Amino acid sequence: IAKEVAKLLEMKAQLGGDEGKPKFVLKTPKGTRDYGPKQMAIRERVFNAIISCFKRHGAEVIDTPVFELKETLTGKYGEDSKLIYDLKDQGGELLSLRYDLTVPFARYLAMNKITNIKRYHIAKVYRRDNPAMTRGRYREFYQCDFDIAGQFDPMIPDAECLKIVHEILSDLQLGDFVVKVNDRRILDGMFAVCGVPDSKFRTICSSVDKLDKVPWEEVRSEMVGEKGLSPEAADRIGEYVQLHGGLDLIEQLLQDPKLSQNKLAKEGLGDMKLLFEYLTLFGITGKISFDLSLARGLDYYTGVIFEAVLLQQENEHVEELVGVGSVAGGGRYDGLVGMFDPKGRKVPCVGVSIGIERIFSILEQRLEASEEKIRTTETQVLVASAQKKLLEERLKLISELWDAGIKAEMLYKKNPKLLNQLQYCEDTGIPLVAIVGEQELKDGVVKLRIVATREEVSIRRESLVEEIRTRTSQ
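What follows is the structure, encoded as structure tokens:
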């Protein structure tokens with residue numbers, strides 16, 4: 131026994147299990163995750179839907195570095211700046227990981243003196259947020275952005291961005307959604323007529339931004355208690371931010387004795403009216419709500435802002451539906467490029483960002499609940515053999531298939547059992563098996579087995595590729 135114990139202790143020491151040093155646990159860093167083949171299959175489906183929509187609207191694609199000069203990102207995000215990941219100073223340039231794709235896009239436009247582009251960009255961004263991973267909130271996540279930069283007539287590109295959100299969310303069949311729309315100028319005008327001092331606009335704005343998560347009472351006490359706003363001003367804001375509607379609300383506010391006297395608010399409301407006229411022509415106003423509580427925390431918005439929210443569904447499959455909240459957002463930021471341009475030349479921009487992680491969380495949970503099988507490969511046919519000593523023939527056949535562009539696999543054994551080969555197809559969802567046997571070789575045919583129905587047909591070797599294509603194109 132003593133001998134065995136000594137052996138075990140030695141093994142323990144090798145594994146580093148000694149008390150002095152905490153044992154290293156294999157895990158991904160906080161707020162990150164791995165994506166296995168199943169998750170990647172769902173993810174690819176979502177990306178394809180989004181990319182095909184962006185392309186349908188004529189967008190080009192760009193890419194930028196994952197880290198930027200720290201200076202590039204400084205002062206662009208308001209209160210969210212504290213969430214930026216700074217890279218360790220190693221004696222060279224000071225760098226930060228990108229926080230979104232919008233600021234790098236503006237830097238790209240200014241640097242290359244581009245005044246006109248419609249682009250999309252899909253890439254990872256980084257935020258030192260407190261992650262709520264079940265709700266699709268991470269520290270490393272993908273963003274899918276579509277932006278239109280250039281001097282155009284008012285609200286036409288803005289309307290197209292909203293149409294894109296509508297198309298993507300409808301296409302992905304995530305359930306019922308609403309796109310809330312507001313305008314930074316209407317917000318600022320509202321703050322002004324409610325008696326908020328200019329210097330407090332942004333900080334009060336970030337309080338209003340919390341209204342989708344916490345009740346008005348809490349937001350009000352933050353404004354008055356923490357941010358030093360007068361209770362009267364807070365109550366006046368309260369009357370406005372409860373309002374939401376459509377064209378009729380815009381008309382009503384254009385007649386509002388206070389707001390209609392404010393130049394900014396009046397401009398914003400005029401544009402909002404125009405936007406709703408275009409959205410009516412696109413036939414999507416049923417899902418759009420003009421909502422005065424929508425603020426969007428980022429500092430760089432200057433005009434229209436919007437956010438798409440999924441509405442909770444009662445679903446018999448899923449006891450606990452992901453409380454997902456916002457799945458897309460965006461707006462107009464006419465001043466951002468000018469912040470980078472040495473001469474301060476502005477390039478008006480409007481864009482939308484699709485919250486792919488949250489959408490992905492929902493689809494993942496839904497698929498788990500439905501127990502639908504997901505294929506993680508696209509293999510069309512397994513090259514199999516019914517007898518021994520046919521490895522060379524299988525290698526010849528699979529090579530022919532690959533060269534013809536057919537997605538094919540085989541088992542890496544000299545003499546695999548037919549049953550194991552068929553079982554592999556069942557497990558991975560491969561629809562066809564091409565079986566080589568001695569008799570078939572003599573006759574110049576291959577036996578093609580349809581896995582689902584178990585029927586077998588003999589196909590001439592030269593027609594095999596065509597037959598596989600026909601049977602897997604449905």
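Take 131 as the starting number for the sequence shown in this note's numbering and just add one per residue.
Quick reminder that beta carbons are idealized off the backbone N, C-alpha and C, glycines included.
Only a predicted model underlies this, so the values are computations on that prediction, with no experimental measurement involved.
Identify the residues that DSSP records as bridge partners of valine 480: which are they?
Ile278, Arg462
In terms of alpha-carbon separation, which member of Tyr229, Ala534, Met285, Leu394 lies closest to glutamate 596?
Ala534
Mind pulling the beta strand (DSSP E) runs of 3 or more residues that sit fully within the segment 513-542?
none
Cβ-Cβ distance between glycine 460 and valine 191 below 9 angstroms
no
Endpoints, beta strand (DSSP E) assigned at tyrosine 256:
247-256
Candidates Lys254, Ala289, Ile286: which alpha carbon is nearest tyrosine 272's?
Lys254
Pairing CB atoms from the segment 275-286 with CB atoms from the segment 236-252, are three or more of them under 8 angstroms?
yes
Measure the alpha-carbon distance for valine 467 versus glutamine 551 and round it to whole angstroms.
59 angstroms
For lysine 388, would you say it is in contact with chain B, using Cβ-to-Cβ distances shorter than 9 angstroms as the test?
In the structure shown, chain B does not exist; there is a single protein chain.
Using the Cβ count rule (16 or more neighbours within 10 Å means buried), how would you classify leucine 304?
buried
Please look up how many angstroms separate the CB atoms of phenylalanine 436 and valine 311, rounded, as I've assumed it's under 8 angstroms.
5 angstroms
For leucine 451 and glutamate 570, I'd like the C-alpha separation in whole angstroms.
Annotation note: pLDDT 44 at leucine 451 (below 50); position unreliable, coordinate value reported separately. For leucine 451 and glutamate 570, the distance between alpha carbons rounds to 54 angstroms.
Limits of the unbroken alpha helix (DSSP H) element including aspartate 288
286-301
Isoleucine 414 to lysine 293, Cα distance in whole Å?
7 angstroms
8 angstroms contact criterion, which alanine 499 and leucine 548 should meet: CB distance rounded:
That pair is no contact at about 36 angstroms.
Tell me whether the segment 527-546 and the segment 481-494 touch, counting them as touching only if at least three CB pairs, one residue from each stretch, are closer than 8 angstroms.
no
Nearest to isoleucine 214 (by Cα), restricted to the options Gly205, Thr558, Asp471:
Gly205
Coarse secondary structure for glycine 485, derived from DSSP in three states
coil
From Gly375, Leu317, Gly455, Asp421, residue whose alpha carbon lies closest to that of leucine 389
Leu317
Within 10 angstroms of its Cβ, does glutamine 517 collect 16 or more other Cβ (buried), or is it exposed?
exposed
Using the Cβ count rule (16 or more neighbours within 10 Å means buried), how would you classify phenylalanine 184?
buried
Excluding the five sequence neighbours on either side, which residues of its own chain have a C-beta within less than 7 angstroms of the C-beta of phenylalanine 490, listed in chain order?
Ile172, Arg173, Val176, Gly266
One question on the structure: do valine 349 and serine 360 come within less than 9 angstroms of each other, judged by their Cβ atoms?
no
Could you check whether tyrosine 463 and leucine 422 sit closer than 9 angstroms to each other, using their CB atoms as the reference points?
no
Would you kindly check if the distance between the Cβ of leucine 405 and the Cβ of aspartate 283 is under 9 angstroms?
no
For my contact list, methionine 285 and aspartate 401 are in at a C-beta cut-off of 8 angstroms; report their separation, rounded to the angstrom.
6 angstroms
At what residues does the beta strand (DSSP E) containing serine 419 begin and finish?
418-421
Could you check where the alpha helix (DSSP H) with phenylalanine 154 kicks off and where it finishes?
Counting along the chain, phenylalanine 154 falls outside any alpha helix (DSSP H), and DSSP gives it neither H nor E.
Identify whether asparagine 178 lies in helix, strand or coil by the three-state DSSP scheme.
helix
Report, in whole angstroms, the separation of the C-beta atoms of isoleucine 560 and threonine 509, which I expect to be a contact under 8 angstroms.
5 angstroms
Residues sharing a beta bridge with phenylalanine 436, DSSP:
Val311, Gly460
Tell me, please, which residues DSSP counts as bridged to histidine 374.
Asp421
What's the gap between the Cα of lysine 526 and the Cα of glutamate 592?
13 angstroms
Whole runs of the beta strand (DSSP E) within the segment 552-604, excluding any shorter than 3 residues:
562-566, 575-580, 586-590
In angstroms, rounded to a whole number, what distance separates the CA positions of glutamate 449 and isoleucine 252?
Because glutamate 449 carries a pLDDT of 45, less than 50, the predicted location of this residue cannot be relied on, and the following value inherits that uncertainty. In a straight line, the C-alpha of glutamate 449 is about 32 angstroms away from that of isoleucine 252.
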